[in-house]
Amino acid sequence: MNSRKGATLKLENGAEFRGFSFGYDGPCDGEVVFSTAMVGYPESLTDPSYSGQILCVTYPLIGNYGVPQEGADELGISKNFESEKIWVRGVVISDYSFDYSHWDAVKSLDEWLKE
0 MNSRKGATLK LENGAEFRGF SFGYDGPCDG EVVFSTAMVG YPESLTDPSY
50 SGQILCVTYP LIGNYGVPQE GADELGISKN FESEKIWVRG VVISDYSFDY
100 SHWDAVKSLD EWLKE
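The sequence shown begins at 0 in numbering that gives the first Met the number 0 and counts up one residue at a time.
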């Protein structure tokens, strides 16, 4: 059974949204931005253009295919990530999947965000 720790997203205008947290456990701040991509959360989280931001992912189910292994092509370009680290300060999703399944997955999104 996966434990769920409560979390709150507080906006500058006073609006508050309650949910639960996974991955890194601690407070963060940043500009809230969004992505409408249906796949590619590993790429989005490692994209330097999201540096210091809280990424709100609009696709409802995130985490179901886990996080792929690191690797580069013959030119040294990463096959699965935009850079070597996670740049976002936080991620907001509708439905997190604790269970993942993909032939290339080596860990869950929860495990990756804790690293």
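Ideal placement from N, C-alpha and C gives every residue a C-beta, glycine not left out.
Can you name, in chain order, every residue of its own chain whose Cβ lies under 6 Å from the Cβ of Asp109, other than the five neighbours on each side?
Phe21, Gly22
Can you check whether the CB of Ile53 is closer than 9 Å to the CB of Val32?
yes
Of the listed residues Ile61, Phe80, Cys55, nearest to Pro47 (C-alpha basis)
Phe80
Please report the distance separating the alpha-carbon of Gly75 from that of Ala6.
39 Å
Only counting the same chain, and skipping five residues up and downstream in sequence, which positions put a Cβ closer than 8 Å to that of Ser2?
none
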